[in-house]
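Trainee: Sharing a structure below in structure tokens format, with a few things to ask.
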Amino acid sequence: MMQQHFKAWMSWLFPTFLGIFVFILIWSGVSTATEGKIPTPFVTWDAAVNLFSDPFYDNGPNDMGIGWNIMYSLGRVALGFSLAALVGIPLGFWIGRSLFASRSFNPIISLLRPVSPLAWLPLGLLIFNSTHLAAIWVIFISSIWPMIINTAVGVSRVPQDYMNVAKVLRLNEWQILTKIMLPAVLPYLLTGVRLAIGVAWLVIVAAEMLTGGIGIGFWVWDEWNNLNVPHILVAIIVIGLIGLMLEAGLVWLAQRFSYGE
Amino acid sequence: MNLDKFVSLENVDKTFHTKSGDFTALKDVNISIKQGEFVSIIGHSGCGKSTVLNIIAGLYGPSEGVALCADKEIAGPGPERAVVFQNHSLLPWLTVYENVMLAVNSVFANSKSKAEKDEWVKHNLKLVHMDHAMHKRPNEISGGMKQRVGIARALSMQPKVLLMDEPFGALDALTRAHLQDELMKICAAINTTVVMVTHDVDEAVLLSDKIVMMTNGPAATVGEVLSVNLDRPRNRLALANDAEYLRCRQAVLTFLYDKHRKEH
Chain A
1 MMQQHFKAWM
11 SWLFPTFLGI
21 FVFILIWSGV
31 STATEGKIPT
41 PFVTWDAAVN
51 LFSDPFYDNG
61 PNDMGIGWNI
71 MYSLGRVALG
81 FSLAALVGIP
91 LGFWIGRSLF
101 ASRSFNPIIS
111 LLRPVSPLAW
121 LPLGLLIFNS
131 THLAAIWVIF
141 ISSIWPMIIN
151 TAVGVSRVPQ
161 DYMNVAKVLR
171 LNEWQILTKI
181 MLPAVLPYLL
191 TGVRLAIGVA
201 WLVIVAAEML
211 TGGIGIGFWV
221 WDEWNNLNVP
231 HILVAIIVIG
241 LIGLMLEAGL
251 VWLAQRFSYG
261 E
Chain B
1 MNLDKFVSLE
11 NVDKTFHTKS
21 GDFTALKDVN
31 ISIKQGEFVS
41 IIGHSGCGKS
51 TVLNIIAGLY
61 GPSEGVALCA
71 DKEIAGPGPE
81 RAVVFQNHSL
91 LPWLTVYENV
101 MLAVNSVFAN
111 SKSKAEKDEW
121 VKHNLKLVHM
131 DHAMHKRPNE
141 ISGGMKQRVG
151 IARALSMQPK
161 VLLMDEPFGA
171 LDALTRAHLQ
181 DELMKICAAI
191 NTTVVMVTHD
201 VDEAVLLSDK
211 IVMMTNGPAA
221 TVGEVLSVNL
231 DRPRNRLALA
241 NDAEYLRCRQ
251 AVLTFLYDKH
261 RKEH
């Protein structure tokens, strides 16, 4: 029993560590080949330890710790993302429930959805006159599509049987929404939210490079201007880890709310 | 009130408008059901027997003709014509108790107190012997148990007519027989009117007072109506050699496999 447990564990652990090991090996190889232009894993590790020994220092708006930069970025994502949920989810319900709404919105959604998120940035700058709000606007517009579409698909896939139950019981619209639609759509909705948070976190880094200010995206750009490559590598790994955590958190949430058929 | 025509369909046609053109499912269907009667509708698959049930349920309106229940035209679905759905249709996010409570809450919103509702839900779950699994979710119980809960939910609405759409079709033979026996006991106890759609000849003869046999679609209609003159309570073992049981069984089989054989 113990042995089997150990075996199962090893069969997971071994390939994982092998993967990481080979990755670091290739990284070192690249570092040697570029004569240290790309810093070695050890140099990067030192830089990371140094950065995270004091992540929340504050020497004025142009020189703040990496922790602050991450917090600002997460704050923008949270705001843009929440606004997108607030607009996108009810809109998705409406589109899923009404053929009329679906016919009027679908062409516009199909047209606007493939647009690169950053293409919306100039409009945001123009309308809001603020780089901070413009970045939030870009998050909003890029994360709203998966939420609308997945919610609408979920609503249109609520089994007819459940709606027949609602009809036989003569449930009113509010009861249909809360007792049947919302629970039935929740797994779809959470898929939309998960896709959206992925997109939002991708986009914020790029948007902040353009807008400047405090944020992990601009921090990367700033370190490029300082030619501090180890910091850029640290940032890449940190951005990846945070994206992973956001995703994992929502997967966990989705599992809590999913029900067996 | 006309008790001989408690539920009736008069010259009912049903045409579905599909993308590939109009499809006439039912043509000139006439059925009348007495109060307290157990009626089965039997026919090959695709003969529109479920459509008949859905018209009585009010989920579909007839294209022509009229559907009546207790002297009133059936204008839409409602709890006085409760449906036991083929695939149980329990809401997977609610427990067994909550599924039945949803029905009780909407039917007896103002006429029962909270304690009375709770009592009534439990009473109906006891009736189908599911009170022990009250707090389980549908995915934690077997297919037969789900169907029991579906029946409890329908009964909890105190319907004038209980409509069942192949309620035991998806169950194994032993579970099916068991539930048929229990359904007979329940029907005897509460003396309700039942309309059941089935494709199982033995099930139809065992349970019914009257069997409505439908011709093959499209434009299906009532082919023959057979009265089953067997005393209740009925015992499936004793009936196996009963002359009336065998006569009825033979009549339905002849209708289905001789007169209206389905060509594939």
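Chains as they are written, first to last, in my numbering: chain A, 1 to 261; chain B, 1 to 264.
Virtual Cβ for every residue (Gly too), placed ideally from N, Cα, C.
Going by the C-beta, is residue 4(B) closer than 7 Å to any heavy atom of the ligand GTP?
Mentor: Annotation note on the ligand GTP: not contained in the displayed structure, which lists no ligands.
Trainee: If you draw a straight line from the C-alpha of residue 112(A) to the C-alpha of residue 147(A), how long is it?
Mentor: Between the C-alpha atoms of residue 112(A) and residue 147(A) there is a straight-line separation of about 14 Å.
Trainee: Can the beta-carbon of residue 164(B) be found closer than 8 Å to that of residue 49(B)?
Mentor: By the CB criterion at 8 Å, residue 164(B) and residue 49(B) fall outside the cutoff.
Trainee: Can you list, in chain order, the residues of its chain whose CB lies under 7 Å from that of residue 186(A), leaving out five sequence neighbours each side?
Mentor: 257
Trainee: Output, in chain order, the set of chain A residues within a Cβ distance shorter than 9 Å of residue 83(B).
Mentor: 164, 165 and 168
Trainee: Which residues in chain A have a C-beta closer than 7 Å to the C-beta of residue 111(B)? List them in chain order.
Mentor: Result: empty, since nearest Cβ-Cβ is about 14 Å, beyond 7 Å.
Trainee: For residue 180(B), is the classification buried or exposed, using 16 other Cβ atoms within 10 angstroms of its Cβ as the cut-off for buried?
Mentor: Buried is the call here.
Trainee: For the region 5 to 15 of chain B against the region 31 to 50 of chain B, do three or more pairs of beta-carbon atoms, one drawn from each stretch, fall closer than 8 Å, so that the two count as touching?
Mentor: Segments in contact, yes.
Trainee: Identify every residue that forms a DSSP beta bridge with residue 230(B).
Mentor: DSSP lists no partner for residue 230(B).
Trainee: Looking at residue 158(A): is its Cβ nearer than 8 Å to the Cβ of residue 181(A)?
Mentor: yes
Trainee: Counting only beta-carbon atoms, is residue 102(B) nearer than 8 Å to chain A?
Mentor: For residue 102(B), the answer is yes, since a Cβ of chain A falls inside 8 Å of its Cβ.
Trainee: Between residue 228(B) and residue 201(B), how many whole angstroms is the CB-CB distance? I'm expecting something under 8 Å.
Mentor: That belief does not hold up - the Cβ atoms of residue 228(B) and residue 201(B) are roughly 12 Å apart, past 8 Å.
Trainee: Measuring straight from C-alpha to C-alpha, what distance separates residue 173(B) and residue 203(B)?
Mentor: 11 Å
Trainee: Under DSSP, the beta strand (DSSP E) around residue 165(B) begins and ends at which residues?
Mentor: 161 to 165
Trainee: Please compile the residues from chain A whose C-beta is within a distance smaller than 8 Å of the C-beta of residue 87(B).
Mentor: The answer, in chain order, is 161.
Trainee: Is residue 227(B) close to chain A, meaning its C-beta is less than 8 Å from at least one C-beta of that chain?
Mentor: no
Trainee: Could you tell me whether the region 37 to 45 of chain B touches the region 65 to 74 of chain B, using the rule of 3 or more Cβ pairs below 8 Å?
Mentor: no
Trainee: Hey, which unbroken runs of the alpha helix (DSSP H) at 4 residues or more fall wholly within the region 36 to 103 of chain B?
Mentor: Complete alpha helix (DSSP H) runs here, min 4: 49 to 57.
Trainee: Find the residues of chain A that neighbour residue 78(B), judging by a C-beta separation of less than 8 Å, and give them in chain order.
Mentor: 168 and 170
Trainee: Helix, strand or coil for residue 54(A), going by three-state DSSP, please let me know.
Mentor: coil
Trainee: Rounded to whole angstroms, how far is the Cβ of residue 225(B) from the Cβ of residue 212(B), which I believe are closer than 8 Å?
Mentor: 5 Å
Trainee: For residue 25(B) and residue 51(B), what's the separation of their Cα atoms in angstroms?
Mentor: In a straight line, the C-alpha of residue 25(B) is about 8 Å away from that of residue 51(B).
Trainee: For the candidate residues 170(A), 153(A) and 119(A), whose alpha-carbon lies nearest to that of residue 210(A)?
Mentor: 119(A)
Trainee: Can you have a look at residue 2(A) and say buried or exposed, based on whether 16 or more other CB atoms are within 10 angstroms of its CB?
Mentor: It is exposed - the Cβ of residue 2(A) has fewer than 16 other Cβ atoms within 10 Å.
Trainee: By the 10 Å Cβ neighbour count, where 16 or more other Cβ atoms means buried, how is residue 245(A) classified, buried or exposed?
Mentor: exposed
Trainee: If we define contact as Cβ-Cβ less than 8 Å, is residue 62(B) a contact residue for chain A?
Mentor: No, because no Cβ of chain A sits closer than 8 Å to the Cβ of residue 62(B).
Trainee: What is the rounded straight-line gap between the Cα of residue 134(B) and the Cα of residue 93(B)?
Mentor: 14 Å
Trainee: Go through its chain and collect everything with a Cβ distance to residue 277(B)'s Cβ below 6 Å, but skip five positions before and after it.
Mentor: Nothing can be reported for residue 277(B), as the shown portion of chain B is limited to 1 through 264.
Trainee: From the DSSP output, in three-state form, read off residue 17(B) for me.
Mentor: strand
Trainee: Below 8 Å, can you find three or more Cβ-Cβ pairs linking the region 167 to 174 of chain A to the region 88 to 108 of chain B?
Mentor: With contact defined as three or more Cβ pairs closer than 8 Å, the region 167 to 174 of chain A and the region 88 to 108 of chain B are in contact.
Trainee: Which residue from 243(B), 246(B), 223(B) and 236(B) puts its Cα closest to that of residue 261(B)?
Mentor: 223(B)
Trainee: Got a sec, what are the start and stop residues for the beta strand (DSSP E) residue 180(A) sits in?
Mentor: Careful: residue 180(A) lies outside any beta strand (DSSP E) and carries neither H nor E.
Trainee: Going by alpha carbons, who is nearest to residue 169(B) out of 154(B), 140(B) and 199(B)?
Mentor: 199(B)
Trainee: I'd like to know whether the C-beta atoms of residue 95(A) and residue 152(A) end up nearer to each other than 8 Å.
Mentor: yes
Trainee: Buried or exposed: where does residue 145(A) fall if 16 or more other Cβ atoms within 10 Å of its Cβ makes it buried?
Mentor: buried
Trainee: Residue 91(A) to residue 251(B), Cα distance in whole Å?
Mentor: 57 Å
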